[in-house]
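S.K.: First the structure, which I've put down as structure tokens, then a few questions once you've had a look.
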Amino acid sequence: MDDFILHINSVNKSFARNIINLRGEVEDERYRIIEDLDLLVPDGKITALIGGNGAGKTSLFNIISGFMKADSGEVLFRNDGSFASLLGLNPEKITLKGVGRMFQDSHIFPDMSVMDNMMIADSDNYGEAPFVSLIQFKRTKKFEIARAEKANKIFTDLLGNPNPLWEKRNELAGSLSYGQQRILGLTRLLMGDYKLVLLDEPTAGVNPETIKQIMNIIRFLVENKRMSVFLIEHNMKVVLELADFCSFMSHGKITAFGTPEDVIGNKEVRQTYLGL
Amino acid sequence: MNYVIHILIIINIYIILTVCTNLLVGLTNLLSLGQAAFYGIGAYLTVLALTVFHLPLIAVILFVIIGTALISLLIAYPSLRLKGDYFILATLGFQLIIYTILYNWVAVTRGPYGIPGIPALKLFGMVDISGLYPFLILSAILALLVVFIFYRLIHSPFGRVLKGIRDDEIAVLSLGRNVTKFKIWTFVISSGFIGIAGMIYATYVTYIDPTSFNLDEAIFILAAVLIGGTGNIRGPVIGAVFVILVPELLRFVGFPDSIAANMRQIVYGLTLVVLMYFRPQGIAGEFKLQ
Chain A
1056 MDDFILHINS VNKSFARNII NLRGEVEDER YRIIEDLDLL VPDGKITALI
1106 GGNGAGKTSL FNIISGFMKA DSGEVLFRND GSFASLLGLN PEKITLKGVG
1156 RMFQDSHIFP DMSVMDNMMI ADSDNYGEAP FVSLIQFKRT KKFEIARAEK
1206 ANKIFTDLLG NPNPLWEKRN ELAGSLSYGQ QRILGLTRLL MGDYKLVLLD
1256 EPTAGVNPET IKQIMNIIRF LVENKRMSVF LIEHNMKVVL ELADFCSFMS
1306 HGKITAFGTP EDVIGNKEVR QTYLGL
Chain B
23 MNYVIHILII INIYIILTVC TNLLVGLTNL LSLGQAAFYG IGAYLTVLAL
73 TVFHLPLIAV ILFVIIGTAL ISLLIAYPSL RLKGDYFILA TLGFQLIIYT
123 ILYNWVAVTR GPYGIPGIPA LKLFGMVDIS GLYPFLILSA ILALLVVFIF
173 YRLIHSPFGR VLKGIRDDEI AVLSLGRNVT KFKIWTFVIS SGFIGIAGMI
223 YATYVTYIDP TSFNLDEAIF ILAAVLIGGT GNIRGPVIGA VFVILVPELL
273 RFVGFPDSIA ANMRQIVYGL TLVVLMYFRP QGIAGEFKLQ
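Same order as they appear, the protein sequences are chains A and B. Here the working numbering = 1-based position in the first sequence + 1055. Here the working numbering = 1-based position in the second sequence + 22.
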């Protein structure tokens, strides 16, 4: 168990949905999006999660990060040597325990500057209580300067010097290109104090050059910041080049787990997902 | 000259109202129709502080801010669990409830008869603040103080989180911030400081009744914020000046009194429609209402 950061045990999740039966009547039906799912996510590694649309991948991420409540089961997260349950906690509490999340659609703050997008993500939230900035103005300013320096260092470490995000630090994040917004969303994770990051399709819809940058950033998270990465990915080239492990999800269950080569070479994966 | 000073005092009162409302509407994207109720609560608490407790100026200010903030806290917790249109309806319901209480609790508020002869505020417990010039100075100092405090709040890490909530609540949650807690703070701070506007109004006019704090007034405050623009300090201040000066300018056009009042409503309505089409962020705002 020491080799794993996340232990998902018999998790179930179902939704109620209306169906029309053969007689044309509306019936309620429980639709199981996740069914008795077990998975161990290795510590300090990159683990890919692949599977078709509707397999339940994003729902699983939502359960891990607290945005969705599981019907039953257990999600245990290892931090400081011991496992603690994440189920039942609110998303912000799960984040504070050390689980970061990047969503499929970036979720950056478009009406805020690039720098503010970084600074709001700082794990140290000094000055965010309403009147602290009025009473402790100088101290708050010191913290703000430190945050800006931290953001600058992250930009430089990840993207070199000069880099486009630093140059556009005072521009609205909404004015960045889609690829740059994805990179900003990923870069922002380094402002937090995370042990595990969940990345939902980080390379979706971006050009090959940006995919390379994103892959480098993900490697940086693991190799330099000792984070564990659990990512949903549809680009098999990225999975083969980047991931240490790969899990295949189908109909709400993990049906294959191993090295990316093994899983992508799996007969069921090739037939049902890759269409080969 | 007295007329100009009177207009300046009213502008100062509305600057406080719009700057405070902007924290909710422009920073946190919480469209509230209940801010006139807190304006009224501030006014009635002032009467209580002056006639029952005989407090000096500074104590009245603190009493009104804390009292209004505490009452708003009771409303904030259930209301802020609602989102979007449901939150607007909850604040509308609250506005109507407070108005009904003020109107019908005759034993305390004197209901529709209002409370006349409100005593003057006392500086250091001795010097009466009455007359146009003292009120101009008092209202200007308090408006400047509110503008200063809210400017600092907007440009602080606290304000940054509020802007984050305005842009994308889910992202703020995923960064480990308790969104509900921030919304409650915003509601309570905004409402608490709105109480000051009620205090100035009650002691300046020396008479209050519930009709000064009804739904029309709530819509008027919101219209001022939207016309001026949200998300910064400049917009709400310009909005306050605009909505007070426009009807005064209409006086010089020469409309009969019966038409002038209706013209005021038409001008506000038209301004809002034109702005929503051509400048949704208002005259000087930085945030387009969603």
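We treat Cβ as the ideally placed atom computed from N, Cα and C, and that holds for glycine.
Does DSSP put B:L77 in a helix, in a strand, or in coil?
M.R.: If DSSP states are grouped into helix, strand and coil, B:L77 belongs with coil.
S.K.: What does the alpha-carbon distance come out to for the pair A:H1162 and B:I288?
M.R.: When rounded, the distance between both Cα atoms is 40 Å.
S.K.: Using a Cβ-Cβ distance under 8 Å, would A:E1050 count as near chain B?
M.R.: Past the boundaries of the shown model lies residue 1050 of chain A; chain A is included only from 1056 to 1331, so the question cannot be answered.
S.K.: Can you name the residues that DSSP bridges to A:A1139?
M.R.: Beta-bridge pairing links A:A1139 to A:F1132.
S.K.: Within 8 Å (strictly less), CB to CB, does A:E1296 reach chain B?
M.R.: So no, A:E1296 is outside the interface.
S.K.: Do B:D231 and B:G304 count as a contact pair if the criterion is CB distance below 8 Å?
M.R.: No, the Cβ-Cβ distance between B:G304 and B:D231 is not below 8 Å.
S.K.: Can you pull the DSSP bridge partners for A:S1084?
M.R.: Note that residue 1084 of chain A is Glu in the sequence shown, not Ser. DSSP, once it has assigned bridges, lists A:R1072 as partnering A:E1084.
S.K.: Roughly how many whole angstroms lie between the Cα atoms of A:F1122 and A:N1145?
M.R.: Spanning the two alpha carbons is a distance of roughly 7 Å.
S.K.: Three or more C-beta pairs under 8 Å: does that hold for the region 1083–1101 of chain A against the region 1294–1301 of chain A?
M.R.: Verdict: yes, contact present.
S.K.: Would you say B:G304 faces chain A, with C-beta separation under 8 Å as the test?
M.R.: Closer than 8 Å: no.
S.K.: Measuring alpha carbon to alpha carbon, tell me which of A:T1314, A:Y1249, A:R1281, A:R1072 ends up nearest A:D1083.
M.R.: Nearest of A:T1314, A:Y1249, A:R1281, A:R1072 to A:D1083, Cα basis: A:R1072.
S.K.: In whole angstroms, what is the alpha-carbon distance linking A:V1130 and A:N1064?
M.R.: Going by the C-alpha atoms only, they are around 6 Å apart.
S.K.: Closest to A:G1143 by CA distance: which of A:I1119, A:N1134, A:P1165, A:G1153 is it?
M.R.: The shortest Cα separation from A:G1143 among A:I1119, A:N1134, A:P1165, A:G1153 belongs to A:I1119.
S.K.: Establish whether the CB of B:K105 and some CB of chain A are separated by less than 8 Å.
M.R.: No, B:K105 lies away from the interface with chain A (no Cβ there is under 8 Å from its Cβ).
S.K.: So, is the C-beta of A:G1182 closer than 8 Å to a C-beta in chain B?
M.R.: True, the Cβ-Cβ gap to chain B drops below 8 Å.
S.K.: Going residue by residue through the region 231–264 of chain B, where are the continuous alpha helix (DSSP H) segments of at least 4 residues, counting only ones entirely within it?
M.R.: Whole alpha helix (DSSP H) segments, 4+ residues: 237–250.
S.K.: Should A:L1213 be labelled buried (16 or more other beta-carbon atoms within 10 Å of its own) or exposed?
M.R.: That one is buried.
S.K.: Which residue comes first and which comes last in the beta strand (DSSP E) that contains A:G1155?
M.R.: Segment 1154–1157, the beta strand (DSSP E) holding A:G1155.
S.K.: Which chain A residues are close to B:L175, counting only those with a beta carbon under 9 Å from its beta carbon?
M.R.: Going along chain A in sequence order, the residues near B:L175 (Cβ under 9 Å) are P1185, F1186, S1188, L1189.
S.K.: Cα separation between B:I192 and B:I176?
M.R.: Cα to Cα, the separation comes out at about 21 Å.
S.K.: List the whole-angstrom C-beta distance separating B:A219 from B:I35, where the pair is believed to meet the contact cut-off of C-beta under 8 Å.
M.R.: That pair is a contact at about 5 Å.
S.K.: Please list the partners that B:V183 has in chain A, where partner means a Cβ-to-Cβ separation under 7 Å.
M.R.: Simply I1175, E1183.
S.K.: DSSP three-state label for A:T1310, please.
M.R.: Looking at A:T1310 - three-state DSSP - the assignment turns out to be strand.
S.K.: Check distances from the C-beta atoms of the region 140–172 of chain B to those of chain C and list, in chain order, the residues that come in under 8 Å.
M.R.: No chain C appears in this structure, whose protein chains are A and B.
S.K.: Determine the DSSP secondary structure at A:H1062, reduced to helix, strand or coil.
M.R.: Correct three-state label for A:H1062: strand.
S.K.: Alpha carbon to alpha carbon, what distance is there between B:R199 and B:I32?
M.R.: Their backbone Cα atoms lie some 38 Å apart in a straight line.
S.K.: I'd like the ranges of any beta strand (DSSP E) spanning at least 3 consecutive residues and lying wholly in the region 1247–1322 of chain A.
M.R.: Complete beta strand (DSSP E) runs here, min 3: 1251–1255, 1283–1287, 1300–1305, 1308–1313.
S.K.: I want to verify the contact list: residues of chain B whose CB lies under 9 Å from the CB of A:T1113, in sequence order.
M.R.: Those do not exist, as A:T1113 stays about 13 Å from chain B at its closest Cβ, beyond 9 Å.
S.K.: Establish whether the CB of A:P1242 and some CB of chain B are separated by less than 8 Å.
M.R.: As written in the sequence, residue 1242 of chain A is Thr, which differs from the Pro given in the question. Closer than 8 Å: no.
S.K.: Could you check whether A:I1272 and A:M1246 sit closer than 8 Å to each other, using their CB atoms as the reference points?
M.R.: Against a cut-off of 8 Å, the Cβ pair of A:I1272 and A:M1246 comes out as no contact.
S.K.: Measuring only between beta-carbons, confirm whether A:D1135 sits less than 8 Å from chain B.
M.R.: So, not an interface residue.
S.K.: Would you mind telling me which residues of chain B sit closer than 8 Å to A:L1151, beta carbon to beta carbon, in chain order?
M.R.: Chain B residues near A:L1151: G198.
S.K.: Which residues in chain B have a C-beta closer than 8 Å to the C-beta of A:M1282? List them in chain order.
M.R.: By Cβ distance, chain B contributes nothing, its closest Cβ being about 16 Å from A:M1282, past 8 Å.
S.K.: What first and last residue would you give for the alpha helix (DSSP H) that runs through A:D1212?
M.R.: Note, A:D1212: alpha helix (DSSP H), 1192–1214.
S.K.: Leaving out five residues before and five after A:N1216 in sequence, what residues of the same chain have Cβ atoms less than 7 Å from its Cβ?
M.R.: The answer is none, since no qualifying residue turns up.
S.K.: Using only CA atoms, which one of A:D1177, A:Q1268, A:S1168, A:S1188 lies nearest to A:L1231?
M.R.: A:L1231 has its Cα closest to that of A:S1168, out of A:D1177, A:Q1268, A:S1168, A:S1188.
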